[in-house]
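Peer 1: Here the protein sequences line up with chains G and X, keeping their order. Sequential numbering of the first sequence, starting at 10, is according to our numbering. Sequential numbering of the second sequence, starting at 10, is according to our numbering. Even glycine gets a Cβ: it sits at the ideal position worked out from N, Cα and C. Below are the structure tokens for one structure; questions will follow.
Number of protein chains: 2
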Amino acid sequence: MARKNEEVVLLVVGGSTGFVSAQEVYSHARESGSPIGLATVYRVLKSLVDAGKVELTFDDQGQARYCARGETHHHHATCRQCGRTIEFDDPDVERWAGAYAERIGFVEVRHVIEISGVCHTCASSH
Amino acid sequence: MARKNEEVVLLVVGGSTGFVSAQEVYSHARESGSPIGLATVYRVLKSLVDAGKVELTFDDQGQARYCARGETHHHHATCRQCGRTIEFDDPDVERWAGAYAERIGFVEVRHVIEISGVCHTCASSH
DNA sequence: AGCGTATATGAGAATGATTATCATTGTCAA
DNA sequence: TTGACAATGATAATCATTCTCATATACGCT
Chain G
10 MARKNEEVVL
20 LVVGGSTGFV
30 SAQEVYSHAR
40 ESGSPIGLAT
50 VYRVLKSLVD
60 AGKVELTFDD
70 QGQARYCARG
80 ETHHHHATCR
90 QCGRTIEFDD
100 PDVERWAGAY
110 AERIGFVEVR
120 HVIEISGVCH
130 TCASSH
Chain X
10 MARKNEEVVL
20 LVVGGSTGFV
30 SAQEVYSHAR
40 ESGSPIGLAT
50 VYRVLKSLVD
60 AGKVELTFDD
70 QGQARYCARG
80 ETHHHHATCR
90 QCGRTIEFDD
100 PDVERWAGAY
110 AERIGFVEVR
120 HVIEISGVCH
130 TCASSH
């Protein structure tokens, strides 16, 4: 067998910077020679998300986008004009989120922090 | 005419605590006697979002959910089990977001901070 | 009022991402 | 090899959202 499907999907997701859509995972996997089907892409992605190996968010149009979760938890800042994504991991805000969750009595807390704006490059080339 | 459609939609969205889906807006509006159509609900919601009067996010399944944007900027903590929503507005995190955006050179910054977890009630009744 | 034009509306069709179905194929222990 | 069972992929179904278009309404002008 060429390669296990889960492996193929992880390679594609992990090999991309930023987020990829399920359809992109599918076409990239096919381009790289895997005979994987779209249904399996969705199945594998879902199991990877459940397993915590891949992160799932939704873009401005509500489409699912996936991103390999590395060792470190982090968030993203996205430029609304060029789409460039900056990853960040700020201990201050992590600490804040944890403290806040505790204050309101939430457990098993996840948080999503998305910052969007216009990056320096786009703003100056305006 | 009974009432302008935009008014009806704003009433429904504003009259709900937390987020509502477009379908919910539609059925609530119909229940309250408006002959509004689903297409118009979507049209009006989109224009309200563009106008900044309504905020748009996506839930765990990628469905759009709308929320009236009041005078004060705030964020939400949602219980994954009962769906209850707690609004919060914490100056610390606002300050952090602003400072961070400046640090990476972003302008016209918006940020979304979503906290999800299991609330005290659900956790203890488990 | 009468007329013309532009805009808004709603019913239903079309779209497109995601999910379910199901026959087929691969896996593996006995 | 064989039988049980999970994994796969093609395709159909689902469902939120968007598009289309015929109609209705608002607005300006005479």
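#1: Rounded to the nearest angstrom, what separates Thr49/X and Val29/X at their Cα positions?
#2: Just curious, the alpha helix (DSSP H) that Gly88/X is in, first and last residue?
#3: On a CA-only basis, which of Gly114/X, Ser41/X, Arg74/X is nearest Arg7/G? Give me that one, please.
#4: Identify each residue in the segment 96 to 122 of chain X for which the Cβ-Cβ distance to at least one residue of chain G is less than 8 Å, and report them in chain order.
#5: Who are the neighbours of Cys128/G on chain X, taking C-beta pairs under 9 Å?
#6: Any C-beta of chain X within less than 8 Å: which residues of the segment 57 to 85 of chain G qualify?
#7: Quick one: Cα of Cys88/X to Cα of Glu117/X, how far?
#8: What residue range is occupied by the uninterrupted alpha helix (DSSP H) comprising Met112/X?
#9: What does Cys76/X pair with, by DSSP beta-bridge criteria?
#10: Using the C-alpha atoms, what's the distance from Arg104/X back to Asp69/G?
#11: Keeping to the same chain, check which residues put their C-beta closer than 7 Å to that of His83/X; ignore five residues upstream and five downstream.
#12: List, in order along the chain, the chain X residues whose C-beta lies closer than 7 Å to that of Ala132/G?
#13: Can you name, in chain order, every residue of its own chain whose Cβ lies under 6 Å from the Cβ of Leu47/X, other than the five neighbours on each side?
#14: Pull up the distance between the alpha-carbon of Glu111/G and that of Cys128/X, whole angstroms please.
#15: For Ser125/X, which residues in the same chain have their Cβ closer than 6 Å to its Cβ, ignoring the five residues on either side in sequence?
#16: Determine the contact status of Ser41/G and Val17/G, defining contact as a CB-CB distance below 9 Å.
Peer 2: According to the data block:
#1: 16 Å
#2: Before going on, a small fix: residue 88/X reads as Cys here, not Gly. Where Cys88/X is concerned, there is no enclosing alpha helix (DSSP H), although the beta strand (DSSP E) it sits in stretches over 84 to 88.
#3: Since the first and last residues shown for chain G are 10 and 135, residue 7/G lies out of range.
#4: Within the segment 96 to 122 of chain X, Phe97, Asp99, Asp101, Val102, Trp105, Ala106, Tyr109, Ala110, Ile113, Gly114, Phe115, Val116, Glu117, Val118, Arg119, His120, Val121, Ile122 place their CB atoms closer than 8 Å to a CB of chain G, listed in sequence order.
#5: The answer, in chain order, is Ile113, Gly114, Phe115, Val116.
#6: Phe67, Gly71, Gln72, Ala73
#7: 30 Å
#8: It should be pointed out that residue 112/X corresponds to Arg in this sequence rather than to Met. Residues 100 to 112.
#9: Glu64/X
#10: 25 Å
#11: Glu96, Phe97, Asp98
#12: Val116
#13: Tyr35
#14: 10 Å
#15: Thr87, Arg89.
#16: yes
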